[in-house]
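Here's the structure we're looking at; comments come further down.
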Amino acid sequence: MTQMPTLSPTFPSRLPMVGTTVFTVMSALASEHQAINLGQGFPDFSCDRDLISHVNQAMLNDHNQYPPMIGIPELRYRIQNKIKSLYGHEYDLNSEITVTAGGTQGILTAILCCVSPGDEVVIIEPAYDSYRPSIDLAGGKVIAVSLTTIRDAQGQVSSYEIPWTQLENAINLKTRLIMINTPHNPTGMVWQRSDLDKLASLVKNTNALILSDEVYEHMVYDGAQHESVARHPDLVNRSFLVSSFGKTYHVTGWKVGYVAAPATLMKEFCKTHQFNVFTVNTPMQYGLAKYLEESQHYLNLPQFYQSKRDFFRSGLKETDFKLLPTSGTYFQCVDYTNVQSPQSKLNEADFCTWLTTKVGVAAIPVSAFYNSPVESGVVRFCFAKKGHTLNDALERLKKL
Ligand code: PMP
0 MTQMPTLSPT FPSRLPMVGT TVFTVMSALA SEHQAINLGQ GFPDFSCDRD
50 LISHVNQAML NDHNQYPPMI GIPELRYRIQ NKIKSLYGHE YDLNSEITVT
100 AGGTQGILTA ILCCVSPGDE VVIIEPAYDS YRPSIDLAGG KVIAVSLTTI
150 RDAQGQVSSY EIPWTQLENA INLKTRLIMI NTPHNPTGMV WQRSDLDKLA
200 SLVKNTNALI LSDEVYEHMV YDGAQHESVA RHPDLVNRSF LVSSFGKTYH
250 VTGWKVGYVA APATLMKEFC KTHQFNVFTV NTPMQYGLAK YLEESQHYLN
300 LPQFYQSKRD FFRSGLKETD FKLLPTSGTY FQCVDYTNVQ SPQSKLNEAD
350 FCTWLTTKVG VAAIPVSAFY NSPVESGVVR FCFAKKGHTL NDALERLKKL
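For what it's worth, numbering that gives the first Met the number 0 labels the leading residue of the sequence shown as 0, then goes sequentially.
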């Protein structure tokens with residue numbers, strides 16, 4: 000009897016355009032070539048041992064079963080207090096704050112709960128790489144506008160600006176959601192109060208919601224303050240605010256964050272959240288709640304990262320890289336087009352491959368943050384690293 004071949008089921012990909020991310024590719028290349036990894040955005044130093052003790056204690060105290068769906072009240076209370084003291088808005092403890100499995104899950108869940116097939120979602124590129132696939136999964140239509148690239152007299156990139164005219168043209172009655180990110184990955188740019196005012200006036204007579212990705216909220220430098228949507232009276236009522244403890248407390252692997260939003264939005268958010276992750280690991284929530292009692296832990300963060308930024312920048316000044324401003328985040332972008340090497344003519348991805356494999360320092364091409372790569376000769380370094388890591392990287396870069 001002839002055996003029928005076993006059928007391997009096939010199906011059309013929900014995300015046909017998605018491949019391996021550049022972060023994974025560069026990190027793998029960095030470890031293969033023993034390069035110093037200033038590519039992917041994570042600290043190479045430890046978190047505070049007190050935070051670990053609080054989590055250990057929570058486990059020993061038997062906080063190991065399912066917590067409430069929206070997060071333990073102790074942690075929500077601390078989040079509520081932090082937002083109120085920093086930005087002045089009081090979110091309701093029981094109906095307006097949800098603990099999430101990091102910022103990424105908060106973003107996906109917010110999009111899935113409010114974007115229906117065909118709805119338009121405006122993003123500003125360069126943009127964090129989870130935005131577009133999350134919108135695709137919801138069946139939404141991505142409307143991408145690009146930051147305006149400002150160039151100096153030599154044609155090198157010197158800064159970025161919000162493209163207000165493009166943004167205005169992109170917003171219409173089909174716009175369901177507008178995604179903003181401040182402080183901004185990858186450019187390190189931060190929104191000013193006047194920017195939020197302009198956004199508020201653009202959405203005033205529309206149905207558009209805002210998703211404000213503020214995972215770097217505690218990394219704003221030079222005495223400036225973070226402009227949260229929670230500080231803006233006209234935006235707070237239509238916004239999902241997303242934050243991440245991974246960024247704030249040097250524990251990116253814990254994947255704990257939160258979303259705050261008005262009760263009507265949060266009600267829908269929770270419907271999706273409860274069937275997405277249902278809830279987030281209990282001992283981490285207790286540990287974070289205890290750690291948050293001490294506001295200095297996040298209030299000292301700008302000073303901590305500003306000194307790393309300044310150290311890294313002063314070293315880079317001795318190279319041919321042109322420094323772009325970094326007002327927030329732990330990223331430093333540089334224009335490499337004046338580096339005295341034939342490699343400075345390469346596109347950003349090839350330049351990063353060369354830098355990683357031949358110079359021994361991994362970086363990320365900014366072009367990777369666009370859907371159709373925009374080549375401007377700019378790469379991103381992460382300075383959330385130990386002093387000696389930055390020093391070793393600078394030594395290598397100075398030899399260029
Ligand atoms: N938004 C931005 C802009 C980010 O850079 C990141 C992390 N790289 C996230 C969201 C996701 O944060 P989390 O690790 O908490 O999921």
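Ideal Cβ placement from N, Cα and C applies to all residues, glycine included.
Worksheet item: When we look at the beta-carbon of Ala260 and count the other beta-carbons within 10 Å, is it buried (16 or more) or exposed?
Response: With 16 or more other Cβ atoms within 10 Å, it is buried.
Worksheet item: Would you say Asp194 touches the ligand PMP, meaning its beta carbon is less than 8 Å from a heavy atom?
Response: Taking non-hydrogen atoms of the ligand PMP into account, the C-beta of Asp194 is found less than 8 Å away from none of them.
Worksheet entry | Proximity winner among Thr97, Tyr290 and Lys384, relative to Asp49 (alpha-carbon distances) | Minimum Cα distance to Asp49 is reached at Tyr290.
Worksheet item: If you compare alpha carbons, which of Ile78, Tyr127, Pro67 and Phe274 is closest to Thr328?
Response: Among Ile78, Tyr127, Pro67 and Phe274, the Cα nearest to that of Thr328 belongs to Tyr127.
Worksheet entry | Candidates Gln165, Gly314 and Gln64: closest to Gln284 by CA position | Per the Cα distances, Gln64.
Discussion item. Quick check: what's the CA-CA separation for Leu111 versus Leu176?
Written reply: Cα to Cα, Leu111 sits roughly 11 Å from Leu176.
Item to complete: Could you give the DSSP three-state label for Arg230: helix, strand or coil?
Response: Here Arg230 sits in helix by DSSP.
Item to complete: For the beta strand (DSSP E) containing Glu403, list its first residue and its last residue.
Response: A query on residue 403 cannot be resolved here, the shown segment of the chain reaching from 0 to 399 and no further.
Fill in: Alpha-carbon spacing of Asn390 relative to Glu73, whole angstroms
Pairing Asn390 with Glu73, the inter-Cα distance amounts to about 41 Å.
Discussion item. Report the CB separation of Val365 from Pro185 in whole angstroms; it is logged as a contact under 8 Å.
Written reply: Contact flag correct, Cβ pair sits at about 5 Å.
Practice prompt. Give the secondary structure of Leu74 by DSSP, where H, G and I count as helix, E and B as strand, and everything else as coil.
Written response: In the structure shown, Leu74 sits in a helix (DSSP, three-state: H, G or I).
Worksheet item: What's the C-alpha gap between Asn93 and Phe41?
Response: Roughly 32 Å between the two C-alpha positions.
Worksheet entry | Paired residues, beta bridge with Lys321 - DSSP | Partner(s): Asp334.
Worksheet entry | DSSP bridge partner residues for Ala143 (one or two, in chain order) | Note: Ala143 sits in a beta bridge opposite Ile122.
Worksheet item: Leaving out the 5 sequence neighbours to the left and right, which residues in its chain are closer than 8 Å to Gln273 when beta-carbon positions are compared?
Response: These residues qualify, in order along the chain: Met68.
Worksheet item: Comparing the CB of Thr103 with every heavy atom of the ligand PMP, is any distance shorter than 8 Å?
Response: Remark: the C-beta of Thr103 is in contact range of the ligand PMP, defined as less than 8 Å to any heavy atom.
Fill in: Own chain residues within Cβ distance below 7 Å of Lys270, not counting five before or after
The beta carbon of Lys270 sits closer than 7 Å to the beta carbons of Cys112 from its chain, once the five residues preceding and following it are set aside; these are given in chain order.
Discussion item. Measuring only the C-alpha atoms, how far is Asn206 from Leu172?
Written reply: Asn206 and Leu172 have their C-alpha atoms roughly 7 Å apart.
Worksheet item: What are the boundary residues of the alpha helix (DSSP H) that includes Ala392?
Response: From DSSP, the alpha helix (DSSP H) with Ala392 extends over Gly386 to Lys397.
Discussion item. Using DSSP's beta-bridge definition, name the partner residues of Ala361.
Written reply: For Ala361, which the question treats as bridged, DSSP gives the partners Asn36.
Discussion item. Please identify the residue among Glu317, Leu323 and Gln331 whose C-alpha is closest to the C-alpha of Gln339.
Written reply: Per the C-alpha coordinates, the member of Glu317, Leu323 and Gln331 positioned closest to Gln339 is Glu317.
Worksheet item: Any chance the CB of Lys384 is under 8 Å from a heavy atom of the ligand PMP?
Response: Checking the Cβ of Lys384 against the ligand PMP gives no.
Worksheet entry | Whole-number beta carbon distance between Phe311 and Tyr335, since they are thought to touch under 8 Å | Between Phe311 and Tyr335 the Cβ distance is about 15 Å, and since that is not below 8 Å, they are no contact.
Worksheet entry | For Thr148, the three-state DSSP class (helix, strand or coil) | Thr148 carries a strand assignment under DSSP once its states are collapsed to helix, strand and coil.
Worksheet item: According to the Cβ coordinates, are Gly70 and Ile96 closer than 9 Å?
Response: Yes, the pair counts as a contact, with Cβ atoms nearer than the cut-off.
Fill in: DSSP state of Gly376 mapped onto helix, strand, coil
Assignment of Gly376 by DSSP, reduced to helix, strand and coil, places it in the coil class.
Worksheet item: Cβ of Thr251 within 8 Å of any heavy atom in the ligand PMP?
Response: Result yes, Cβ under 8 Å from the ligand PMP.
Worksheet item: According to DSSP, which residues form a beta bridge with Cys381?
Response: For Cys381, the pairing in a beta bridge is given by DSSP as Phe330.
Discussion item. Quick check on this structure: which residue in Gly18, Phe22 and Gln295 has the alpha carbon closest to the alpha carbon of Thr352?
Written reply: The shortest C-alpha separation from Thr352 is found at Phe22.
Discussion item. Tell me the DSSP secondary structure of Leu208 in three-state form.
Written reply: Three-state DSSP puts Leu208 in a strand.
Discussion item. Comparing C-alpha positions only, which one of Phe244, Asp196 and Val120 sits nearest to Asp233?
Written reply: The shortest Cα separation from Asp233 among Phe244, Asp196 and Val120 belongs to Asp196.
Item to complete: Taking the CB atoms as reference points, tell me whether Asn180 and Ile123 lie closer together than 9 Å.
Response: One thing to note: Asn180 has its Cβ within 9 Å of the Cβ of Ile123.
Item to complete: Specify the secondary structure class of Arg175 as computed by DSSP and reduced to three states.
Response: In the structure shown, Arg175 sits in a strand (DSSP, three-state: E or B).
Worksheet item: Is it right to say Gln79 is buried, meaning 16 or more other beta carbons lie within 10 angstroms of its own, or is it exposed?
Response: Buried, by the Cβ-count rule.
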